[in-house]
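Notes to accompany the following structure.
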Amino acid sequence: MAEIEALEAAGDLTGDKAAAPMGSLPGDPGALGGAALVTAASLALAACSGGSPTPAPTPTSPPIVPVQTVTAVQASRFLSQAAIGHSKADLLNLSGSGLDAWLTSQFATARAQKFWDYLVANGFDAAANINSTNGFDPMVWAQLMGSGDVLRQRIGLALLDQWVVSVDGFGGSWRAFALAAYLDLLWDNAFGNYRDLMEGVSTNAAMGLYLTFLGNTKANAATGAIPDENYARELMQLFTIGLTMLNMDGTQVLSGGVPVPTYTQADVSQAARVWTGYNYSSTDNTVPARLRVPMAITASRSETGGASFLGITIPPGTDGVTARKLALDGLFNHPNVPPFFSKQLIQHLVTSNPSPAYVGRVAAVFANNGSAVRGDMKAVIRAVLLDSEARDDAQAASTSFGKLREPVVRLVQWAKAFNVTSASQLWPFGNTSSSANRVGESPGRAPSVFNWFRPGYTPPGST
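Oh and the sequence shown: position 217 is 217 in our numbering, straight run, nothing missing.
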């Protein structure tokens with residue numbers, strides 16, 4: 001990697017080759033050996049969905065494997081699934097403590113620094129940066145490369161891959177700070193409740209800018225204006241329930257052999273009425289502060305005529321805040337949410353081709369964590385990573401199991417393996433989007449709301 005060697009020569013990046021754990025790097029004899037790491041290049045990044053008999057059986061509670069001690073190979077495979085990257089010390093620590101103890105420790109690890117605070121600490125809140133994205137890339141790389149809360153970093157990145165916002169996808173002032181506030185929202189809620197995440201995203205200014213409902217207004221019969229439908233559509237299609245009805249095991253519900261759609265255009269138009277009246281909480285754009293607080297609702301621009309979609313009824317006269325609560329509660333409790341989210345999280349962390357039984361077990365935990373709580377992220381993460389299908393050594397050796405690590409995760413693993421540090425804390429990797437001379441992916445710079453890789457994507461030369 002000539003580009004990395006140039007950065008090392010410049011004196012900002014330093015590392016220790018002797019620190020690299022077995023199986024952590026391309027060319028390492030442990031990288032693809034047996035069950036060491038699930039990085040077989042023949043595997044797709046995301047599984048192709050298919051039909052199944054309807055209805056599917058209700059899944060039972062997941063058979064979580066109570067592993068207390070693990071071999072080095074098992075530890076390496078687990079960390080490749082659970083962490084944004086790991087060093088030899090991380091591997092040895094996990095081998096001694098066990099998987100469950102490691103998860104408990106990671107859940108309790110506080111964030112060392114927030115994205116927003118990094119920008120302020122490094123002077124990117126100077127007035128000269130108001131119309132630029134200066135500081136954005138160093139901010140992201142500093143978090144991914146230098147943080148010890150490696151599970152939170154991995155889950156945060158997975159959430160960003162689903163709840164997409166791109167710094168290149170909107171204009172306005174202080175865009176780096178807009179993304180900082182948004183990423184802090186995802187990272188802070190990585191171990192919380194999915195309903196809280198839905199609430200935060202739906203009131204975040206960066207999402208309002210990216211999916212164009214900041215400034216959205218109610219219909220005006222005199223002018224012919226109608227509410228912007230962008231967020232209403234993507235909230236359903238990409239963020240919560242998907243395009244077709246699902247069984248709890250993630251397979252499609254069929255009617256006469258045809259998948260059943262989750263929503264219609266009429267549902268989108270009705271839902272769009274909820275996302276009207278949203279704007280900045282302040283008119284002062286000389287400082288970035290307004291990007292860190294939830295958007296406000298201007299009553300005169302908010303639709304109060306009611307709405308009806310997906311079986312959710314919002315009565316006429318309902319104020320904007322209450323309408324949002326009713327809409328999000330209805331979506332959160334939709335039967336598609338547990339399998340829709342669970343399958344994607346499994347695909348991001350463990351395997352591109354999870355069995356329906358695996359998806360069903362995790363979805364059951366999303367629906368009920370054992371204490372009648374829906375959307376408990378800690379419980380869902382445990383279910384994904386400790387499931388028997390994720391931990392089975394024989395399964396890991398199968399050519400139909402595992403996933404190709406996405407470029408950003410591979411790059412961070414390189415840095416973690418060699419204990420790479422940045423003397424300036426500016427991590428000069430920059431925008432790594434180009435596939436010609438970079439890694440072909442850059443966090444927070446997705447080319448569209450569909451992210452870098454669409455569902456069902458298969459890497460070239462694989463099946």
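For glycine and all other residues, C-beta sits at the position ideal for the given N, C-alpha and C. Being a predicted model, the structure only gives us computed values, none of them experimental.
Review point. Can you list, in chain order, the residues of its chain whose CB lies under 6 Å from that of PRO338, leaving out five sequence neighbours each side?
Key: If you number the sequence shown from 1, residue 338 lands on position 338. In its chain, beyond the 5 residues on either side, ALA363, PHE366, ALA367 have a beta carbon closer than 6 Å to the beta carbon of PRO338.
**Study point:** First through last residue of the beta strand (DSSP E) which encompasses ALA307
**Key:** Working through the sequence shown from its first residue, we reach residue 307 at position 307. Looking at the DSSP string, the run of the beta strand (DSSP E) that includes ALA307 is 307 to 309.
Review point. Do the CB positions of VAL293 and SER281 come within less than 8 Å of each other?
Key: Working through the sequence shown from its first residue, we reach residue 293 at position 293. Working through the sequence shown from its first residue, we reach residue 281 at position 281. Yes, Cβ-Cβ distance for VAL293 and SER281 is below 8 Å.
Review point. Taking three-plus beta-carbon pairs below 8 Å as touching, is the stretch 403 to 412 in contact with the stretch 119 to 139?
Key: Note that the stretch 403 to 412 does not touch the stretch 119 to 139; fewer than 3 beta-carbon pairs, one per stretch, sit closer than 8 Å.
Exercise for review: Consult DSSP for ILE155 and reduce its assignment to one of helix, strand or coil.
Suggested key: Within the sequence shown, numbered from 1, the residue matching residue 155 stands at position 155. DSSP places ILE155 within a helical segment (H, G or I) once states are collapsed to three.
Review point. What are the complete alpha helix (DSSP H) segments, minimum 4 residues, inside the stretch 224 to 293?
Key: Those alpha helix (DSSP H) runs which fall completely within the stretch 224 to 293 and span 4+ residues are 230 to 234, 265 to 272.
Check your understanding: When DSSP labels each residue in this structure, what does LEU214 get in the three-state scheme?
Key -> Indexing the sequence shown from 1 puts residue 214 at position 214. DSSP, read as helix, strand or coil, puts LEU214 in coil.
Check your understanding: Near SER442, which residues of its chain fall below 6 Å by C-beta distance, leaving aside the five closest residues on each side in sequence?
Key -> Residue mapping note: residue 442 aligns to position 442 of the sequence shown, counting from 1. These residues qualify, in order along the chain: ASN431, THR432, SER433.
**Study point:** DSSP state of ASN193 mapped onto helix, strand, coil
**Key:** Along the sequence shown, read from residue 1 onward, the residue named residue 193 stands at position 193. Three-state DSSP puts ASN193 in a strand.
Practice item. List the endpoints of the continuous alpha helix (DSSP H) containing ILE381. Key: Mapped onto the sequence shown, residue 381 falls at position 381. Where ILE381 is concerned, the enclosing alpha helix (DSSP H) stretches over 377 to 386.
Practice item. Quick one: residues in its chain with C-beta nearer than 6 Å to the C-beta of LYS343, no 5 flanking neighbours on either side, listed in chain order? Key: Along the sequence shown, one-based indexing puts residue 343 at 343. GLY250, VAL359.
Check your understanding: Cβ of VAL268 within 8 Å of Cβ of ARG233?
Key -> If you number the sequence shown from 1, residue 268 lands on position 268. If you number the sequence shown from 1, residue 233 lands on position 233. Yes, these two residues count as a Cβ contact at 8 Å.
Exercise for review: Round the Cβ separation of LEU243 and THR223 to the nearest angstrom and send it over; I've been treating them as touching at under 8 Å.
Suggested key: The residue you call residue 243 lines up with position 243 of the sequence shown. The residue you call residue 223 lines up with position 223 of the sequence shown. Not really, about 32 Å apart at Cβ, beyond 8 Å.
Exercise for review: Reducing DSSP to helix, strand and coil, say where ILE346 ends up.
Suggested key: Translated into the one-based positions of the sequence shown, residue 346 becomes position 346. Collapsing the DSSP output to three states places ILE346 in a helix.
Review point. Ordered along the chain, which non-local residues of its own chain (more than five positions away) have a Cβ less than 6 Å from that of THR203?
Key: For this step, residue 203 is matched to residue 203 along the sequence shown. Shown here for THR203: same chain residues with a beta carbon closer than 6 Å to its own, the five before and five after excluded, namely PRO294, MET295 in chain order.
**Study point:** Burial state of PRO316, where buried means 16 or more other Cβ atoms lie within 10 Å
**Key:** Along the sequence shown, one-based indexing puts residue 316 at 316. Exposed.
Check your understanding: Got a sec? Which residues, its chain only, sit under 6 Å from ALA323 by beta carbon, not counting five neighbours each side?
Key -> Counted from its first residue, the sequence shown places residue 323 at position 323. So the list reads VAL274, ILE314, once near-sequence residues are dropped.
Check your understanding: Helix, strand or coil: which one does DSSP assign to ALA110?
Key -> For the purposes of this step, residue 110 is taken as residue 110 along the sequence shown, with counting starting at 1. DSSP places ALA110 in coil when its eight states are reduced to three.
Practice item. Determine contact between the stretch 98 to 117 and the stretch 181 to 193, defined as no fewer than three beta-carbon pairs at a distance below 8 Å. Key: Between the stretch 98 to 117 and the stretch 181 to 193 there are three or more inter-stretch CB-CB distances shorter than 8 Å, so the stretches are counted as touching.
Check your understanding: With a cut-off of 8 Å, does the C-beta of LEU328 fall near any C-beta of chain B?
Key -> This model lacks chain B altogether, as it is built from one protein chain only.
Exercise for review: Please classify ALA35: is it buried, with 16 or more other beta-carbons within 10 angstroms of its beta-carbon, or exposed?
Suggested key: Here residue 35 corresponds to residue number 35 of the sequence shown, with the count starting at 1. Residue placement at ALA35 is poorly supported in this model, since its pLDDT is 30, which falls under 50; the coordinates are not used for a value here.
Practice item. Go to ARG322, then tell me how far its alpha helix (DSSP H) extends in each direction, as first and last residue. Key: As a position in the sequence shown, residue 322 is number 322, starting the count at 1. Here residue 322 is Thr; the residue named in the question, Arg, does not match the sequence. Its alpha helix (DSSP H) spans residues 320 to 332.
**Study point:** Between the CA atoms of ALA357 and ASN336 - distance to the nearest angstrom
**Key:** To locate residue 336, count along the sequence shown from 1; it is residue 336. To locate residue 357, count along the sequence shown from 1; it is residue 357. Note on geometry: alpha-carbon atoms of ASN336 and ALA357 lie some 16 Å from one another.
Review point. Whose C-beta lies closer than 6 Å to the C-beta of GLY320 among residues of the same chain, with five residues either side of it excluded?
Key: Walking along the sequence shown from the start, residue 320 turns up at place 320. Here the set comprises GLY277, ILE297, SER302.
Check your understanding: Going straight from the alpha carbon of ARG438 to that of PRO428, what length do you get?
Key -> Taking the sequence shown and counting its residues from 1, the one referred to as residue 438 is at position 438. Taking the sequence shown and counting its residues from 1, the one referred to as residue 428 is at position 428. Rounded to the nearest angstrom, the two C-alpha atoms are 13 Å apart.
Check your understanding: What's the gap between the Cα of GLN153 and the Cα of VAL258?
Key -> Translated into the one-based positions of the sequence shown, residue 153 becomes position 153. Translated into the one-based positions of the sequence shown, residue 258 becomes position 258. Each residue's alpha carbon lies about 39 Å from the other.
Review point. Taking all protein chains shown into account, do 16 or more other C-beta atoms lie within 10 angstroms of the C-beta of VAL73, making it buried, or fewer, making it exposed?
Key: Here residue 73 is taken as the residue at index 73 of the sequence shown, counted from 1. Burial call: buried.
Exercise for review: Taking LEU310 as the reference, give the member of LEU326, GLY215, LEU197, ASP376 with the closest Cα.
Suggested key: Taking the first residue of the sequence shown as position 1, residue 310 is located at position 310. Across the set LEU326, GLY215, LEU197, ASP376, the C-alpha of LEU326 shows the shortest separation from the C-alpha of LEU310.
Exercise for review: Taking SER400 and ASN353 to be in contact with their CB atoms under 8 Å, please state how far apart those CB atoms are, rounded to whole angstroms.
Suggested key: Along the sequence shown, one-based indexing puts residue 400 at 400. Along the sequence shown, one-based indexing puts residue 353 at 353. So it is a contact: roughly 6 Å between Cβ atoms.
Practice item. Quick one: measure Cβ to Cβ for GLY444 and LEU160, integer angstroms, because I've assumed they're closer than 8 Å. Key: Here residue 444 corresponds to residue number 444 of the sequence shown, with the count starting at 1. Here residue 160 corresponds to residue number 160 of the sequence shown, with the count starting at 1. Contact between GLY444 and LEU160 holds, with the beta-carbon distance rounding to 7 Å and staying under 8 Å.
Review point. Candidates TRP102, PRO288, ALA158: which alpha carbon is nearest PHE177's?
Key: By 1-based counting over the sequence shown, the position of residue 177 is 177. PHE177 has its Cα closest to that of PRO288, out of TRP102, PRO288, ALA158.
Exercise for review: List the DSSP bridge partners of LEU13.
Suggested key: What you label residue 13 is simply residue 13 of the sequence shown in a count that begins at 1. The beta-bridge partner set that DSSP reports for LEU13 consists of SER422.
Exercise for review: Use the C-beta contact count for ALA89: other C-beta atoms within 10 angstroms, 16 or more gives buried, fewer gives exposed.
Suggested key: Position 89 of the sequence shown, counting from 1, holds the residue named residue 89. An exposed status is given to ALA89, since fewer than 16 other beta-carbon atoms sit within 10 Å of its beta-carbon.
Exercise for review: Please state whether DSSP places ASN220 in a helix, a strand or coil.
Suggested key: Position 220 of the sequence shown holds residue 220. Of the three classes helix, strand and coil, the one that applies to ASN220 here is strand, per DSSP.
Exercise for review: Taking all protein chains shown into account, decide if ASP284 is buried (16 or more other Cβ within 10 angstroms of its Cβ) or exposed.
Suggested key: Along the sequence shown, one-based indexing puts residue 284 at 284. Exposed, since its Cβ has fewer than 16 Cβ neighbours within 10 Å.
Review point. With distances taken from CA atoms, which of ALA383, GLN395, MET198, PHE453 is nearest ARG77?
Key: What you label residue 77 is simply residue 77 of the sequence shown in a count that begins at 1. For ARG77, the closest alpha carbon among the candidates ALA383, GLN395, MET198, PHE453 is that of GLN395.
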